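Numbering (full-length UniProt numbering), first residue to last: 1 to 253.
As structure tokens, then:
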């Protein structure tokens with residue numbers, strides 16, 4: 001019997017990509033998983049895959065940047081599955097543009113989802129963790145936190161998540177709650193496909209070019225991030241907190 005059996009995890013942005021891979025991996029580890037995405041219909045595919053593999057899952061629709069929707073979603077998860085003790089803040093969007101072309105809306109939406117969303121989800125879930133005396137929070141940052149042309153909004157949000165993570169570790173550690181961040185490098189997802197399209201590059205050559213610049217000589221897959229999440233939410237990672245782990249196929253800092 002796994003230590004995760006009977007525990008509940010929430011993964012945001014879990015309809016596809018890194019979020020879906022993470023939800024499936026946590027279910028395989030024994031967690032009941034709330035698959036949260038903006039539209040509940042989009043989350044059902046991941047939830048169905050978990051259930052077909054023998055796990056427990058719940059599809060939930062919510063805008064992570066809306067406090068009322070977040071509160072309702074977390075209450076629903078607690079009622080249906082049990083108190084959530086693992087939170088993976090993965091939901092994200094990009095609105096890339098050079099600074100002089102970036103609109104107020106481009107900036108605000110990225111902050112709304114990444115920073116406000118992670119704040120609201122964490123605030124809503126932490127009470128369950130504190131009451132249980134155990135919890136795991138994993139925030140998805142990015143190598144873009146180090147700066148990336150055309151991503152002033154995204155880079156700022158992802159860097160902000162690193163500071164948010166370290167503060168959570170300081171505030172919540174005495175309650176048995178750890179908080180860590182993962183900063184993925186180049187991962188094959190719909191989001192990176194959109195980036196290739198934005199800059200006018202064909203997908204396969206774009207992947208080959210990016211992979212050639214990575215020390216391990218391959219592109220990352222969503223499962224690479226899911227495996228790292230799996231470790232960070234495990235019992236064995238209880239002395240790891242406030243860290244930013246670059247999962248990028250080579251050193252970044």
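Ideal placement from N, C-alpha and C gives every residue a C-beta, glycine not left out. What you are looking at is a predicted structure, and each value in this text was computed from that prediction instead of being measured.
Residue i - DSSP class collapsed to helix/strand/coil
i	result
residue 256	The structure shown does not extend to residue 256, since the chain is modelled only from 1 to 253, so the question has no answer here.
residue 113	helix
residue 8	strand
residue 247	strand
residue 233	coil
residue 253	coil
residue 72	helix
Closer than 8 angstroms to chain B by CB, residue i
i	result
residue 243	Although the question refers to chain B, the structure presented lacks it and comprises just one protein chain.
Presumed contact (8 angstroms Cβ cut-off) between residue i and residue j, rounded CB distance
i	j	result
residue 43	residue 8	That pair is no contact at about 15 angstroms.
residue 159	residue 145	4 angstroms
residue 74	residue 84	7 angstroms
residue 242	residue 165	7 angstroms
residue 26	residue 93	Wrong, their Cβ atoms sit about 23 angstroms apart, outside the cutoff.
residue 155	residue 147	6 angstroms
residue 30	residue 57	Going by Cβ atoms, the distance from residue 30 to residue 57 rounds to 13 angstroms, so no, they are not a contact pair.
residue 126	residue 172	6 angstroms
residue 143	residue 252	6 angstroms
Which residues DSSP lists as bridging residue i, in chain order
i	result
residue 136	86 and 178
residue 61	37
residue 32	8
8 angstroms Cβ cutoff met for residue i and residue j
i	j	result
residue 181	residue 244	yes
residue 38	residue 11	no
residue 60	residue 88	no
residue 215	residue 189	no
residue 120	residue 64	yes
residue 20	residue 46	yes
residue 247	residue 184	yes
residue 133	residue 187	no
residue 110	residue 233	no
residue 161	residue 99	no
residue 81	residue 122	no
residue 218	residue 249	yes
residue 14	residue 97	no
residue 153	residue 95	yes
residue 191	residue 17	yes
residue 175	residue 207	no
residue 212	residue 22	no
- [ ] Entirely within the segment 144-225 and at least 3 residues each: give me those beta strand (DSSP E) ranges in chain order.
- [x] Within the segment 144-225, the runs of beta strand (DSSP E) at least 3 residues long that lie entirely inside it are, in chain order, 177-184.
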